[in-house]
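Participant: Below is the structure I would like to discuss, written out as structure tokens.
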Amino acid sequence: MYVQRPIAILDSGVGGLTVVREVMRQLPREKVIYFGDTARTPYGPRPAEEVVRFTREIVTYLMQYNPKMIIIACNTATAVALEEIRSVVDVPVIGVINPGARAAINSTKSGVVGIIGTVGTVRSRAYEQALKRLNPNIHVASLACPLFVPLVEQGNFHSPETFHIVEDSLTPLKEIPLDTLILGCTHYPFLSESIGRAVGPGVQLISSDNETAREMSTILQETGKLASQAELPVHRFFCSGDPALFKSIAQQWLGKQIELTPVVWQIPQIGNH
Ligand code: DGL
């Protein structure tokens, strides 16, 4: 049995493209519809209720394309909205936190794991809980890095300025004997070169993209919902902010041309921030 409906993937901006690239690599026949809420990024500093509301709005928008599955490719939104989204749609919904935690548990030998993420993700303690559910003996050090997402949204991945900001932000982790660092924000793999240089070669960087795509693949396979091999998918991208900037970052990251539709939010409360 095959199901040709798309996979819906969402994030506050371009970060979820790190998951999209992995989904396309692992399951090239699946059609992706992606929403980057670049008009309202970053989500990290926002109150949880607002992130839940924004996530619901994006899911409502994407549901008109009748997806067979939803991936919340945003740690901040996964931390606060995953359960609520699961309760309002009738398709499987996965987030990026449990997959990231599993990948970290798989990687660590010392049992000391660092997590970097947005203020919202760190405040939620969702990674810590996910890691401890898997292994209560794990030691966890969490650090919020609020300067990283704006760098990525500007497309500023490799400049010397970016490296200095990354290095400065990660200074508090220097004293901690971790061997594994979770990139607990889907934007951070864009900065992995600088992050890797800052923490040194002894620390394994973990991003949830690979494990999240694998979880998706398992669910589709076990429920008989993989796309057939018959057609090559035409992916669709939506963003609520600057379309030229989104397109340029997306095409650079994915290494291919994309079909982008700009979305103007028509919801009255937007613009009050
Ligand atoms: N990429 C998102 C995350 O994984 C959100 C970043 C933000 O908008 O602050 O947390």
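Counting in this note's numbering, the sequence shown runs from 15 upward without gaps.
The beta carbon of each residue, even a glycine, is placed where N, CA and C say it ideally should be.
Measuring alpha carbon to alpha carbon, tell me which of E236, V163 and V278 ends up nearest P203.
Facilitator: V163
Participant: With burial defined as no fewer than 16 other Cβ atoms inside 10 Å of the residue's Cβ, what is the status of R39: buried or exposed?
Facilitator: exposed
Participant: What's the call for Y57, buried or exposed, on a 16-neighbour Cβ count within 10 Å?
Facilitator: buried
Participant: Please list the terminal residues of the continuous beta strand (DSSP E) segment that includes P56.
Facilitator: That residue, P56, is in no beta strand (DSSP E); it is neither H nor E in DSSP.
Participant: Please classify I272: does DSSP put it in a helix, a strand, or coil?
Facilitator: Residue state, collapsed to three classes: coil.
Participant: For H249, count neighbouring Cβ atoms within 10 angstroms of its own Cβ and tell me buried if that reaches 16, exposed if not.
Facilitator: buried
Participant: Sort P215, Y16, L195 and T74 by Cα distance to S23 and report the nearest one.
Facilitator: Sequence check: residue 23 is Ile here, not Ser. With distances taken between Cα atoms, I23 lies closest to T74.
Participant: Taking A93 as the reference, give the member of R139, R60 and I129 with the closest Cα.
Facilitator: R139
Participant: Measuring CA to CA, which of A62, S26, L41 and P59 is closest to Y48?
Facilitator: S26
Participant: Can you tell me the Cα-Cα spacing of E44 and E189, whole angstroms?
Facilitator: 44 Å
Participant: Near H287, which residues of its chain fall below 6 Å by C-beta distance, leaving aside the five closest residues on each side in sequence?
Facilitator: Residue confidence for H287 is low, a pLDDT of 47 falling below 50, so the modelled location carries little weight; the figure read from the coordinates is stated next. For H287, where only same-chain residues beyond five positions count, there are no Cβ hits under 6 Å.
Participant: Quick check on DSSP: helix, strand or coil for T194?
Facilitator: strand
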